[in-house]
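Protein chains in written order, with this note's numbering: chain Y, 3 to 426; chain B, 3 to 426.
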């Protein structure tokens, strides 16, 4: 029996049944001892090699036929949305279901998969990376920022960035600092459920983002993900005020200390909250500030913290301490931190996640302020880390970076904490 | 003018008013440039030195009178509760308001402050430490565990540990492993609001804990804190399944992945949830396992993580990696982690906080499993850290520690994740 190739229509016999479908490329998320088949229903299933009795090739894959896919013509009266692909589960959905075996992430692929897009916008599409988001690094943020700049120069009304969910909030925070005076909305969109499940949230999140871009007056960086476990609405989270707070739920993303900017319902209706945001303004000219200092780290406090661990950071330019409570560390550490802070800009955040840092209440906190430690106020640790690396790289001195860090750049420090943002 | 001493009844004149009250000792949480005065209402206020025009001593403090405080006689038919004090904001309340200036944390002090206690239990009281909880270290957990053992041997029906909130969940997790086969309930109680505020939650939390100890059949380690911002009920959180999730709210503590074991209402009524717990059993004999390995750390993943930072942990016995999403780290780190894991027991948790680790879904995760990294399942990072240090110290080999870590000791790994535990 000749080994079937990716794209071939095959028939697989197992002990219990016979399955017919297209042999798919092995995606990152599948076991090496299995094959994956796209059924005629559009769903993919995995079959473990050990259960396979026989494989027959029914029809060879015709590459040329694939290339003949009809070009989509968009309604020229619709706004333009550029979709930049970076990978993640949402991309794996595209990978799997476009009918084409190796997805080119073309506007044609996207419209075939998400037909609603055609009625919302003229779609441009570009494949930047194909990676899980745990592999996204500051250099990828920089490439993304530059690509956004390019798209804006070429004239687009909004940008969707498809992204893995693991570090989506780090990327969103980074872009919110690197892309200043944004004239248009930039929405990061991901999916928590992989494409071989009926419950995939990819389509709804993408369509909601497209609707929000075209129907609202928002500009800036935001995250668009499911708002509840039902397919009721998506939330638009301010990019530097959100966080993945659950490993697997579709509504894993939560705004921290603020309400989501808006809900976008499945029918496209937008419901704004009271959260302030910057409005679209064509006169805004994007200011690209994509430098990032790589000698910056986060350390998490704990009982039993070994002071020797701090030596690693002696030559770092910046350090985020994820303290306890209102921003505390053991008294025994204060002297060491004081030493570090002579060279390094040290920022205090809280492992509590919600609430604000306040080092003025207890005496250790005041000692830390004396030692030069600065407060991240009500920023998340992740946003504080990204902002610290950005502020240090885009300043001429530690003092200037300190000032920049303490300045509210794009809504990451809010005047008050919204009580309703912490409801269980 | 002779300087008034702590305990003296004084009269302070400022620009605007004249204030009469007892001069209190300067607690840790007060600015050095202020004095604190207990008013006749029982509340304390701070006055900045710079605003003080004049201080008059009205009546000198009589230490002997203080000592003459009447001994409380408890109803011998009531169960016994031992209260072990470690410090924190809840203790500062006792410090401030007992009328006695230097609180001895005696049963008399407690009953004077919280008269309801007298109708619930016979109170024993012991002052172990007087520290903010950011200064609690594994050696304090060990002392606490031994003190609990002592109290049980002397015959008590339940123990309340007053504790600062910052690291209360670390201590609770530690005690849940160090104190096995507990025949009685151990409740950690704290306060988020300091005593000079009418909104202090200390009394309600303490009374709820006493009620839960005497009126339920629960045994084991739990945390008792406000359940809502109103004074409606307290939650009983399983000690190794909870976390401080807000820097300042009174309902800052949340059960993670499970529902709180119970609600305790202000009238003492207890409403149990479906969360399973171990029942009191006098036949249980406490097994004290208080060893803790101090060469254990937590590191938090981030984009831009510098591999050199791992060198610090080369001689560590254990390492908790707070990964992203379902338990991920960048691919570029896998080789280094593999090297580390030859000597060290490496555990994966998630910075998402809610949900479970699942390294079987994506290929990096499977590579990590191959590299020897073990999953913390649905434990919090804090519980995983404490359990890892405990398992390593109480095992003869890395293999034995690995097995112990993967075993559900006292409910810290649950079979399922309760959906309702993640409601906003």
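Every residue gets a Cβ at the ideal spot worked out from N, C-alpha and C, and that includes glycine.
Note that the structure is predicted; figures quoted are calculated from it, not measured.
| task | Check each candidate in 129(B), 75(B), 162(B) and name the one with the smallest Cα separation from residue 121(B). | result | On the second chain, residue 121(B) is found 119 positions in, with the first residue counted as 1. Here the closest residue by C-alpha is 75(B).
| query | In chain order, which alpha helix (DSSP H) runs of at least 4 residues are fully inside the segment 352 to 380 of chain B? | reply | 365 to 372
| field | Own chain residues within Cβ distance below 7 Å of residue 231(B), not counting five before or after | value | Taking the first residue of the second chain as position 1, residue 231(B) is located at position 229. In the same chain as residue 231(B), and ignoring 5 residues on each side of it, the C-beta atoms closer than 7 Å to its own belong to 251, 252, 253, in chain order.
| the segment 320 to 332 of chain B in contact with the segment 298 to 308 of chain B per 3-pair CB rule at 8 Å | yes
| query | Where does the unbroken beta strand (DSSP E) through residue 246(B) begin, and where does it stop? | reply | On the second chain, position 244 is the one that residue 246(B) refers to. Residues 244 to 246.
| query | Which residue from 92(Y), 139(Y), 292(Y), 310(Y) puts its Cα closest to that of residue 227(Y)? | reply | Numbered from 1 along the first chain, position 225 holds the residue referred to as residue 227(Y). Comparing Cα positions, the closest option is 92(Y).
| said: Taking the alpha-carbon of residue 234(B) as reference, which of 265(B), 24(B), 216(B) has the nearest alpha-carbon? | reply: Position 232 of the second chain, counting from 1, holds the residue named residue 234(B). The shortest C-alpha separation from residue 234(B) is found at 265(B).
| Residues of its chain near residue 282(Y), where Cβ-Cβ distance is below 6 Å and the 5 sequence neighbours each way are ignored | Position 280 of the first chain, counting from 1, holds the residue named residue 282(Y). Cβ within range, chain order: 219, 221.
| field | Proximity to residue 55(Y) [Cα-Cα], best of 78(Y), 64(Y), 14(Y), 25(Y) | value | The sequence position of residue 55(Y) within the first chain is 53, counting from 1. For the residues 78(Y), 64(Y), 14(Y), 25(Y), the minimum Cα distance to residue 55(Y) belongs to 14(Y).
| said: Suppose you measure from the CA of residue 111(B) to the CA of residue 140(B); what does that come to, to the nearest Å? | reply: Residue 111(B) sits at position 109 when you count from the first residue of the second chain. Residue 140(B) sits at position 138 when you count from the first residue of the second chain. Approximately 29 Å, taken between the alpha carbons.
| message | Does residue 78(Y) pass the burial test, meaning 16 or more other C-beta atoms within 10 Å, or should it be called exposed? | response | Your numbering for residue 78(Y) matches position 76 in the first chain. Burial call: exposed.
| request: Please say whether residue 413(Y) and residue 178(Y) have beta carbons closer to each other than 9 Å? | output: The residue you call residue 178(Y) lines up with position 176 of the first chain. The residue you call residue 413(Y) lines up with position 411 of the first chain. The answer is yes: Cβ separation under 9 Å.
| message | Quick check: residue 108(B) and residue 158(B), are their CB atoms within less than 9 Å of each other? | response | Against the second chain, residue 108(B) aligns to sequence position 106. Against the second chain, residue 158(B) aligns to sequence position 156. It is not a contact, given that the beta carbons lie outside the stated cut-off.
| request: Check distances from the C-beta atoms of the segment 134 to 154 of chain B to those of chain Y and list, in chain order, the residues that come in under 7 Å. | output: 134, 136, 137, 138, 139, 140
| said: If I follow the unbroken beta strand (DSSP E) through residue 228(Y), where does it start and stop? | reply: Residue mapping note: residue 228(Y) aligns to position 226 of the first chain, counting from 1. Unbroken beta strand (DSSP E) run through residue 228(Y): 222 to 228.
| task | Using only alpha-carbon positions, find the residue among 152(B), 156(B), 168(B), 18(B) that is nearest to residue 181(B). | result | Here residue 181(B) is taken as the residue at index 179 of the second chain, counted from 1. When each option's Cα is compared against that of residue 181(B), the closest is 152(B).
| field | residue 385(B) at chain Y interface by Cβ criterion, 9 Å | value | Position 383 of the second chain holds residue 385(B). It does not: the Cβ of residue 385(B) has no partner Cβ on chain Y nearer than 9 Å.
| query | Which first and last residues belong to the beta strand (DSSP E) in which residue 416(B) is found? | reply | In the second chain, the residue the question calls residue 416(B) occupies position 414. Careful: residue 416(B) lies outside any beta strand (DSSP E) and carries neither H nor E.
| query | What is the residue span of the alpha helix (DSSP H) that residue 173(B) lies within? | reply | Start at 1 with the first residue of the second chain, and residue 173(B) comes out as number 171. First-last of the alpha helix (DSSP H) with residue 173(B): 170 to 180.
| message | I'd like the span of the alpha helix (DSSP H) that includes residue 206(B), first residue to last. | response | The residue you call residue 206(B) lines up with position 204 of the second chain. Looking at the DSSP string, the run of the alpha helix (DSSP H) that includes residue 206(B) is 204 to 217.
| said: Counting only beta-carbon separations shorter than 9 Å, does residue 2(B) have a partner in chain Y? | reply: This structure cannot settle anything about residue 2(B), because the visible part of chain B is limited to 3 through 426.
| task | Figure out for me which residue from 119(Y), 410(Y), 392(Y), 115(Y) has the closest Cα to the Cα of residue 293(Y). | result | On the first chain, position 291 is the one that residue 293(Y) refers to. Checking every option, the nearest Cα to that of residue 293(Y) belongs to 392(Y).
| query | Is any beta-carbon of chain Y found at less than 9 Å from that of residue 177(B)? | reply | Numbered from its first residue, the second chain carries residue 177(B) at position 175. No, because no Cβ of chain Y sits closer than 9 Å to the Cβ of residue 177(B).
| Pairwise C-alpha distance: residue 48(Y) and residue 378(Y) | If you number the first chain from 1, residue 378(Y) lands on position 376. If you number the first chain from 1, residue 48(Y) lands on position 46. For residue 378(Y) and residue 48(Y), the distance between alpha carbons rounds to 46 Å.
| What three-state label does DSSP hand residue 11(Y) in the structure shown? | Counting from one through the first chain, the residue named residue 11(Y) turns up at place 9. Here residue 11(Y) sits in strand by DSSP.
| message | With distance defined between alpha-carbon atoms, name the residue in 385(Y), 267(Y), 16(Y), 90(Y) nearest to residue 213(Y). | response | Counted from its first residue, the first chain places residue 213(Y) at position 211. Of 385(Y), 267(Y), 16(Y), 90(Y), the residue nearest in Cα terms is 267(Y).
| request: Determine the DSSP secondary structure at residue 318(B), reduced to helix, strand or coil. | output: One-based indexing of the second chain puts residue 318(B) at position 316. Coil, per DSSP.
| Is there at least one Cβ from chain B nearer than 9 Å to residue 424(Y)'s Cβ? | In the first chain, counting from the first residue as 1, residue 424(Y) sits at position 422. Closer than 9 Å: yes.
| request: State yes or no: is the beta carbon of residue 74(B) nearer than 9 Å to at least one beta carbon in chain Y? | output: What you label residue 74(B) is simply residue 72 of the second chain in a count that begins at 1. Judged by the 9 Å Cβ criterion, residue 74(B) is not in contact with chain Y.
| said: Give me the subset of the segment 250 to 265 of chain Y whose CB atoms are less than 8 Å from a CB atom of chain B, sorted by chain position. | reply: 250, 251, 254, 256
| query | Taking 9 Å as the CB-CB limit, is residue 354(B) close to chain Y? | reply | One-based indexing of the second chain puts residue 354(B) at position 352. Residue 354(B) counts as touching chain Y.
| task | Using a Cβ-Cβ cut-off of less than 7 Å, list which residues of the segment 265 to 282 of chain Y approach chain B; keep chain order. | result | none
| query | What is the C-beta distance between residue 135(Y) and residue 165(Y), in whole angstroms, given that I count them as a contact (C-beta under 8 Å)? | reply | Your numbering for residue 135(Y) matches position 133 in the first chain. Your numbering for residue 165(Y) matches position 163 in the first chain. The pair is a contact, with the Cβ atoms about 6 Å apart (cut-off 8 Å).
| Along chain D, which residues have their Cβ under 9 Å away from the Cβ of residue 357(Y)? | The chain inventory of the structure shown lacks chain D, comprising the protein chains Y and B.
| task | Under 8 Å by Cβ, that's how I've got residue 189(Y) and residue 224(Y) pegged, so tell me the actual separation to the nearest angstrom. | result | Here the question's residue 189(Y) lines up with position 187 in the first chain. Here the question's residue 224(Y) lines up with position 222 in the first chain. Indeed, because the Cβ distance is near 5 Å, the residues count as touching under 8 Å.
| task | Using three-state DSSP, classify residue 135(Y) as helix, strand or coil. | result | Position 133 of the first chain, counted from the first residue, corresponds to residue 135(Y). The answer is helix: DSSP assigns residue 135(Y) an H, G or I state.
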